[in-house]
Amino acid sequence: MSYPLKIFCDWMLPINLFFDEPVELYVDKIHRAQSSVKKILLLVEPDDLMHFSDWVIQNHDQYFVILTHEEKILNVCPNAVLMEFGPPWIRTYSFPQKTFSVSTVVGSKKQLAGHWLRLQLWKRQNEITIPKKFFLSNRGGNIFSRWRHCLTQRHALSLGESKLPLFESQFHIAIENCKKTYWFTEKVMDCFQTKTIPIYWGCPNIGSYFDTRGMFLVESVDEIIQVCNALTSNMYAEMEMFVEVNHQKAKSYIDFSNRVKEKIETLMWTKHEYEK
């Protein structure tokens with residue numbers, strides 16, 4: 008008898024897999040009930056937001072495997088396997104001519120370190136002397152609408168559902184929500200996908216995945232401003248070789264569902280062969 012992989016996820020994760028026993032995949036969901044079904048846990052959001060790590064470590068033996076980027080879990084759980092996130096939001100792009108400018112987008116959230124860093128940057132944006140395009144996100148609902156109203160004197164640009172206006176610039180300030188090893192998201196991946204040079208705050212080991220000669224790595228708002236003001240109109244062309252390298256490297260992260268599928272297939276096959 009063949010059993011389809013049963014997926015518990017709050018967003019679309021199309022994975023078609025079949026096994027000779029029931030297998031369940033939980034995505035950012037803690038399954039506390041005991042059962043004999045083989046369970047796989049996939050952790051996507053960072054522990055800074057979800058606060059799952061301690062429970063997962065204490066109950067790791069409930070899972071066949073834990074797919075995660077959380078270093079804390081990887082270090083202590085023998086059934087934890089590294090699974091980076093990293094899919095871009097932008098899948099197709101026509102590569103129009105970019106302007107010499109720097110862009111970024113700021114939202115209303117104040118939960119994590121990266122949220123606060125973006126807000127601090129917004130307040131200091133006038134210290135950036137090169138052409139800039141600072142956008143306010145429209146994704147924040149009524150609370151953000153009230154916050155936006157307080158900032159109308161800045162004549163802020165408004166960003167809707169499409170992120171494409173951000174990447175009309177040669178450079179983009181990409182700030183992750185938090186700074187964690189192995190954790191990188193569409194914040195930087197959309198830069199690589201659109202051949203935009205990121206001024207990046209985030210994953211400390213991003214150099215293990217991408218060529219940092221095609222990026223600017225920063226640690227603070229002060230450094231972001233310093234990097235921006237040192238940019239010149241010919242710098243993009245000087246870095247273009249490494250921009251292309253990162254664009255090619257990023258292609259392997261586009262299809263997250265397929266990456267998860269391949270990881271599960273490999274782990275299930277390996278376990279099956281081991282038990283023979």
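In terms of the working numbering, the sequence shown opens at residue 8 and continues consecutively.
For each residue, glycine too, the CB sits at the ideal point set by N, CA and C.
- Ranked by Cα distance from residue 126, the first of 168, 228, 136 and 140 is 228.
- Counting only the Cα atoms, residue 165 lies some 5 Å from residue 142.
- By the neighbour-count criterion, in which a residue is buried when 16 or more other Cβ atoms sit within 10 angstroms of its Cβ, residue 37 is exposed.
- In this structure, residue 16 keeps its C-beta atom at 8 Å or more from the C-beta atom of residue 121.
- If you draw a straight line from the Cα of residue 275 to the Cα of residue 9, it comes to about 14 Å.
- Beyond the five residues adjoining it in sequence on each side, residue 270 comes within less than 8 Å, by CB distance, of 74, 88 and 90 in the same chain, given in chain order.
- Counted as a single uninterrupted DSSP element, the beta strand (DSSP E) harbouring residue 177 occupies residues 176–182.
- Secondary structure of residue 36 (DSSP, three-state): coil.
- DSSP places residue 215 in the helix class (H, G or I) of the three-state scheme.
- Judged by DSSP in its simplified three-state form, residue 230 adopts helix.
- For residue 63, the uninterrupted alpha helix (DSSP H) segment begins and ends at 60–65.
- In this structure, DSSP gives residue 208 an extended state, which the three-state scheme calls strand.
- The residue among 190, 189, 187 and 176 with its C-alpha nearest the C-alpha of residue 206 is 176.
- By the criterion of at least three beta-carbon pairs nearer than 8 Å, the segment 130–141 is not in contact with the segment 76–88.
- Scanning its chain for C-beta atoms nearer than 6 Å, with the 5 sequence neighbours on each side dropped, one finds around residue 95 the residues 193, 196, 197 and 200, in chain order.
- For residue 277, the three-state secondary structure derived from DSSP is helix.
- The beta carbon of residue 26 lies closer than 6 Å to those of 10 in the same chain, with the five residues before and after it left out.
- Note on geometry: alpha-carbon atoms of residue 191 and residue 260 lie some 11 Å from one another.
- Per DSSP, the unbroken alpha helix (DSSP H) holding residue 79 starts and ends at 78–83.
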